[in-house]
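Before any comments, here is the structure.
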Amino acid sequence: MSEDRAMQYTARWVWDPRQGLSEGASVILRQGSIVEVAPRPRAGVPTLDLEEGLLMPGLVNAHTHLELSFLAGAVPPRQDFVGWLEQLVQARPGHDKDLAARAAARAAVELAAMGVACVADITNTGRAQALLAEAGLSAVSFFEALGERKVEPPPAAMDWSDGILRGFGVAAHAPYSVPSPRLRALKARAGGLPFCIHAAESQAEVEFMLGYGREGARLEEFLLARGLARQALDLSGLRPVWHLEAMGVLNRHTLVVHGVQLSQEEVRMLAASGASLCLCPRSNLGLTGAIAPVWQLIKAGVNLALGTDSLASAPDLSLWAEMAALRAAEPGLRPEDILTMATLGGARALGLEGRFGGLLSGAAGPLAFAPLTRMGRREVLEAVVGGGLASAPRGLTGS
Ligand SMILES: [Zn+2]
1 MSEDRAMQYT ARWVWDPRQG LSEGASVILR QGSIVEVAPR PRAGVPTLDL EEGLLMPGLV
61 NAHTHLELSF LAGAVPPRQD FVGWLEQLVQ ARPGHDKDLA ARAAARAAVE LAAMGVACVA
121 DITNTGRAQA LLAEAGLSAV SFFEALGERK VEPPPAAMDW SDGILRGFGV AAHAPYSVPS
181 PRLRALKARA GGLPFCIHAA ESQAEVEFML GYGREGARLE EFLLARGLAR QALDLSGLRP
241 VWHLEAMGVL NRHTLVVHGV QLSQEEVRML AASGASLCLC PRSNLGLTGA IAPVWQLIKA
301 GVNLALGTDS LASAPDLSLW AEMAALRAAE PGLRPEDILT MATLGGARAL GLEGRFGGLL
361 SGAAGPLAFA PLTRMGRREV LEAVVGGGLA SAPRGLTGS
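Here the sequence shown stands for residues 1 to 399, numbered as in our numbering.
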C-alpha cells in the first residue's frame, strides 16, 4: 500500500477511550481516515510531531442547533427556563436569513478548528448540513418535529462521501411539545437510525407533564399561546422520560438530551432501554441551575454524551469548555469518563462507534490535539478536561 498520501501525527501523549493513555504513539491518516495507530512513528511516512500535548480522536458534539448561531448573546440564560423560551421565540421570527447563514457557517468553521469530527445538529430547515460539510465536519442532521404538524422530517439516512458523513436523523422537540401519537410515528420513521428528543430539561417540564405547579402552569400558558393545548398532547400523566418509555420510544437508537430532572426510576429506564443521554452542562446550568444526575447515570451504565447546545444558551460551541464545566460541577468524576463522553459516548449515541470517537483503523478524522505544557503522566488527562491547555486545541485533517 502506498504511503505517499498518508500523513502521520505523533505527540508526547496519545489517548483513546478504549486503549487509555500512551506515550509517543502515532496515528496515520490517509484521505481523512485513520489507517493505522502505531506504538512508535513509522519510518518513511511524512510526520508532524506535535510534541507536548495530547493527541486524541476528534470530538463528537452530540447536541447543538447550528442554525440558532445568529442568536449568540441575544437571550442570556437566567435560570428561568420558561422565560428563556419566551424570549427565544420572540427573537427568532423575521430574522435576516443571510446573516443567520453566515453565523452558522462561522460556527461550523470554529467547531472544525477546535478538533470536532462529528456533530449531531438539530435543524428546522436542513440548511446547516451543507455548511457543516463545507467545514469538513461529519454530521447527523436531526430534522425536528414540533407540535401537531410543524416540520415533517425526511426519512433517516446515513450517506458518506469523500470521507464525510452527511446523515439525517429524526427528532421530536420534547414530550411536552409533540402529541404522543405523533411521537410514536416519528420514532417508527427513524427505524434503526438515530432518534433524538429533548427531555427532563427543567422543573417546568416535569410539572407540566404531571399537571401541577406554578412553573408547569407557565409552560402550559406558553404552549397555548403558540397554539398547542394540553389536550392535544394526549399525555400520560407521567414524568417526561417515563412518558417516553410508556410511548415505546426508548431504545438503543434513542438519544435523550438534557435529563436534568431525571428521577431514579427514569435513570433505570434509560439504562434498561439502552438509550443514550446527552448532557449540555453550560446550557443546563445556565437555564436551570443544575445538570443531570451524572453519578446515578454512570452507576446504572447509561451511555453518556456531551453537547454544547446552541449559541442561544451557551457562550460558545467549545466541547472543551463543556468538559471543564462538567469537571467543575462534578469534581469527583474521572477525567477519562469525561473525555469518553466527548468522544466515544457521542459516537455510540449516534450508532457510529466504529467511525468516530476512537483511534482505530477505518475511523474517520479529523483528530484532535490539546497542547499542554510539560507535565507528568498523571496530570495529563486532568489538565485536558480541567481547562488547563497551553494554547488553543486544534483539529488535524491529515492534509
Ligand atoms: Zn437542543
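We put the beta carbon where it would ideally sit given N, CA and C, even for glycine.
As the structure is a prediction and not an experimental result, all values here were calculated from the model.
| task | For residue 22, name the three-state secondary structure that DSSP assigns. | result | strand
| request: Can you give me the start and stop residues for the alpha helix (DSSP H) that residue 209 sits inside? | output: 203–210
| message | Check whether the region 26–44 and the region 81–93 touch, using three or more Cβ-Cβ pairs below 8 Å as the test. | response | no
| said: Please identify the residue among 233, 184 and 210 whose C-alpha is closest to the C-alpha of residue 251. | reply: 184
| Terminal residues of the continuous alpha helix (DSSP H) containing residue 145? | No alpha helix (DSSP H) contains residue 145, which is instead part of the beta strand (DSSP E) from 138–145.
| Which residue comes first and which comes last in the beta strand (DSSP E) that contains residue 36? | 33–38
| request: For residue 302, I'd like the list of residues in its chain whose CB is within less than 6 Å of its CB, leaving aside the five on either flank, ordered along the chain. | output: 270, 271 and 277
| field | Backbone secondary structure at residue 291 - three-state DSSP | value | coil
| Buried versus exposed, by CB contacts within 10 Å (16 or more), residue 353 | buried
| For the putative contact between residue 58 and residue 367, defined by C-beta atoms under 8 Å, what is the C-beta separation to the nearest angstrom? | 6 Å
| By Cβ distance below 7 Å, which residues in the same chain neighbour residue 385 in space, the five residues on each side in sequence not counted? | 323, 324, 327, 335, 338 and 339
| request: For my contact list, residue 124 and residue 67 are in at a C-beta cut-off of 8 Å; report their separation, rounded to the angstrom. | output: 7 Å
| said: On the CB-based measure, 16 or more other CB atoms within 10 Å of its CB, does residue 308 come out buried or exposed? | reply: buried
| task | Report yes or no: do the region 139–151 and the region 226–241 share at least 3 C-beta pairs separated by less than 8 Å? | result | yes
| query | Taking C-alpha atoms, which residue in 264, 315 and 282 lies nearest to residue 295? | reply | 264
| request: Answer with buried or exposed for residue 2, where buried requires no fewer than 16 other C-beta atoms within 10 angstroms of its C-beta. | output: At residue 2, the pLDDT of 45 sits below 50, so the modelled position is not reliable; the number obtained from the coordinates is stated separately. Result: exposed.
| Thinking C-beta only, is residue 253 closer than 8 Å to residue 190? | yes
| message | Using C-beta distances below 8 Å, list every residue in its chain close to residue 105, excluding the 5 sequence neighbours before and after it, in chain order. | response | 131, 134 and 135
| query | Going along the chain, which unbroken runs of the alpha helix (DSSP H) with 4 or more residues stay wholly within the region 118–194? | reply | 128–134 and 180–190
| task | Please indicate yes or no: does the CB of residue 338 lie closer than 7 Å to some heavy atom of ligand 3? | result | Ligand 3 is absent from the structure shown, which contains only ligand 1.
| message | Suppose the cutoff is 8 Å on Cβ atoms and the five residues either side in sequence are ignored; what does the same chain contact list for residue 127 look like? | response | 67, 101 and 104
| Residue environment, residue 374, which counts as buried when at least 16 other CB atoms sit within 10 Å | exposed
| field | Pair within 8 Å by beta-carbon distance, residue 54 and residue 372 | value | yes
| query | In angstroms, rounded to a whole number, what distance separates the CA positions of residue 305 and residue 218? | reply | 30 Å
| said: Just to confirm the assignment, what range does the alpha helix (DSSP H) spanning residue 90 have? | reply: 81–91
| query | residue 15 bridges to which residues according to DSSP? | reply | 21
| message | Using a Cβ-based criterion (distance less than 7 Å to any ligand heavy atom), does residue 309 qualify as near ligand 1? | response | yes
| request: Have a look at 287, 98, 315 and 341 and flag the residue whose alpha-carbon is nearest the alpha-carbon of residue 83. | output: 287
| task | Assign residue 407 to one of two classes, buried (16 or more other C-beta atoms within 10 Å of its C-beta) or exposed (fewer than that). | result | Residue numbering for the chain in the displayed model covers 1 to 399; residue 407 lies beyond these limits and cannot be assessed.
| message | Which of the three DSSP states is assigned to residue 98 in this structure? | response | helix
| Could you give the distance in angstroms between the alpha-carbon of residue 365 and the alpha-carbon of residue 117? | 6 Å
| What are the boundary residues of the beta strand (DSSP E) that includes residue 276? | 276–279
| said: Judging by CA-CA distance, which residue of 227, 396, 95 and 154 is the nearest neighbour of residue 193? | reply: 154
| request: Give the range of the beta strand (DSSP E) segment to which residue 53 is assigned. | output: 53–57
| field | Residue from 383, 179, 17 and 170 with nearest C-alpha to residue 320 | value | 383
| said: Just verifying my parser: in three-state terms, what is the DSSP assignment at residue 243? | reply: helix
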